[in-house]
Structures are given as structure tokens and as C-alpha cells.
């Protein structure tokens, strides 16, 4: 909230950029707290699905009303609105636990994996969102470069937002009944393969279908990825680092894609995105399989442990 209000007082571009940076750091911290709390709940697959669905719904509504808000109150009014919106969450503070252990409800399949596997899982998360950054930043330009009007591209991307909500809803409804390996294969690999449709020449209809399926697959995958991270330790630390890796990947992706552009040809960008998506799936598969083995070994150990013998207590003399 303070960063937004101080942005209004900035009279130089450098100071404005600084206060926007401070605001972003605060917002990023809140995002990390939110995802950590979700990671420490039972049925984290379902809860992450509902969370992503809520975020997408709010984002779609925000994009819908943004032009009217800007016309009515301008940029300064919009920033004041952001500050007031941040203030509206103040009442939630009293409901947050003082520590992660106070209301800890670890998911049933959570295990404390080794540092190497946890780091590899975080690297897989970075790779997945690096691919997202590569593709998402240029989806609009990929459409216009193919001869579509800006309005047609915008309509397709807006429609894809609702398919993204549907993807998150499917993840929430499925929960953990199908595990995580299969849903991630459908989401990550399916989202990668559909991008092949926008290589070379394509029609407006093909573009709209592609971005809709892509956004559906992205938001189907995201809750399962976060739930997987939550299952790799019992205290939510992996989720925090994974969210940081997610943001870093989204930030670095567009810069990486910019180095691949050659004369308005976006095919190299699309191929890079496809390759990174496929790579990220096989990377996350490694800790997922290790988690399955460790979890099964833990269950077998619990099943074979003999029940502790009942210790007879001396009777009190009558």
C-alpha cells in the first residue's frame, strides 16, 4: 500500500521506478505467503486449483474494467485504487497463523525429500515458467505477425483467459485422484504440442483455438506443479522457493525470446518454448518418481513396524 501511495509523490522517473519496485517486492511477498499457506493444507491439489481459478477470474474482470477505470480516474486514480485494494486485505492478518507450525495440516503424501531433489524440483519449476515467459510475452505479436488484426488477437487472448479458468477448475475438481504425473503430462506436454499449430502460416481460427488450449493446459498444470512442490517437504519451504523460481522464469523468458528473434520470424521462439516445456516435464518427473518411491517405502515401513508391546504397570496395593 505504501509503495503505491509513494509512487504518486514521485516527481522523477527514477523514483517512480524505485517505488514501483518496492510495491512489486511487497506484492511478491504476499504471493509467497499465500502459496505457502495453500501448500500447508490438506488436499493442496484441489486448493491450489481453486486459488489459481480465483486469480484468473479476478484478472479477467480487471482487464475487462481497466479501460473504463482509466478513462474515469486516470493512472493516478488507478494507483490509488491499488493502494486501497491492498488495504482491504488488512483484516486477513488476524486470521494468519503466527508460524507455519501453528495450523500445520500437511498433505497426506508429503515427505521430506533430500536437498538435491528439492533443488532439482525448483529448477524444473524455473524451466517451466521460463518456457511460459518465452511464449506468453510474444503470443500477441505472433498473431499480428500472421496478419491478424490487433482486436482479433486481443479477443482470442481474452477468450483464452476463460479457458484458463476452466483448466484451474478441472484441476480443483480432479484433486489428487489421478496423481500428478498424468495430469502434468496432459497439461505440460499437451500445452507444448499445441504450440506447433502456430508455426509458419495459420488462420485466425487456428490461432484462437491454439491460445485457448494452451491457456487451459497452463492453468491445469500450475496447481499440480505447486501441489507437487508442497509434497516435497513438510514445512512449505519448497513452495516458497518454487514461487520465486516461477517469477524469475517469467521475468527471464521474454529476454531469452528476444535473443531468438530474427527478422520478424517467431518460429525460433515457438520452438524454444516447446523444447523448454518438454524439458521441464522430464525434469519434474525425476523428483516426482523419487517422491513416489520414498512415499511407498515409508508406507511399507509403517505397515511392517510391529505394534509397541503394552507395558504392564504395577498394581497399586489395596
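Residue numbers (this note's numbering): 57 to 374.
Idealized CB from N, CA, C, for every residue including glycine.
Note that the C-beta distance between residue 177 and residue 285 is below 8 Å. In the DSSP annotation of this structure, residue 257 is not part of any alpha helix (DSSP H), being labelled neither H nor E. Of 217, 145, 147 and 181, the smallest CA-CA separation from residue 273 is found for 217. Here residue 227 is near residue 101, since their CB atoms are less than 8 Å apart. Taking C-beta atoms as the reference points, residue 276 and residue 104 fail to come closer than 8 Å. The residue from 76, 320 and 66 with its alpha-carbon nearest to that of residue 202 is 320. Cβ atoms of residue 288 and residue 132 stay farther apart than 8 Å, at about 44 Å. Under the 10 Å beta carbon count, residue 86 is surrounded by fewer than 16 other beta carbons and is classified as exposed. If the five residues before and after residue 90 are omitted, its C-beta is found closer than 8 Å to the C-beta atoms of 107, all from its own chain and listed in chain order. In the DSSP secondary-structure assignment, residue 321 is bridged to 318. Taken in chain order, the complete alpha helix (DSSP H) segments of 4 or more residues contained in the segment 243 to 306 are 246 to 250 and 260 to 286. In the structure shown, the three-state DSSP call for residue 207 is helix.
The three-state reading of DSSP puts residue 68 in coil, since its state is none of H, G, I, E or B. Membership of residue 100 in the alpha helix (DSSP H) is indicated by the continuous run 100 to 144. Between residue 170 and residue 263, the C-beta spacing is not below 8 Å. Scanning its chain for C-beta atoms nearer than 6 Å, with the 5 sequence neighbours on each side dropped, one finds around residue 350 the residues 167, in chain order. Residue 225 sits close to residue 109, with the two beta carbons spaced by under 8 Å. DSSP places residue 199 in the uninterrupted alpha helix (DSSP H) bounded by 195 to 201. The closest CA to that of residue 182, considering only 356, 324 and 333, is found on 333. With respect to the C-alpha of residue 142, the residue from 98, 192, 266 and 83 having the closest C-alpha is 83. Nearest Cα to residue 219 within the set 270, 204 and 207: 270. In the three-state scheme derived from DSSP, where H, G and I count as helix and E and B as strand, residue 172 is classed as helix.
Looking from the CA of residue 335, the closest CA among 78, 65, 186 and 139 belongs to 186.
Scanning its chain for C-beta atoms nearer than 8 Å, with the 5 sequence neighbours on each side dropped, one finds around residue 310 the residues 189, 190, 193 and 194, in chain order. Residue state for residue 219 is assigned as helix, using DSSP reduced to three classes. Counting only the Cα atoms, residue 67 lies some 51 Å from residue 230.
Relative to the Cα of residue 60, the nearest Cα in the group 265, 121, 316 and 139 belongs to 139.
Each of 266, 233, 71 and 355 was checked against the Cα of residue 251, and the nearest Cα belongs to 266.
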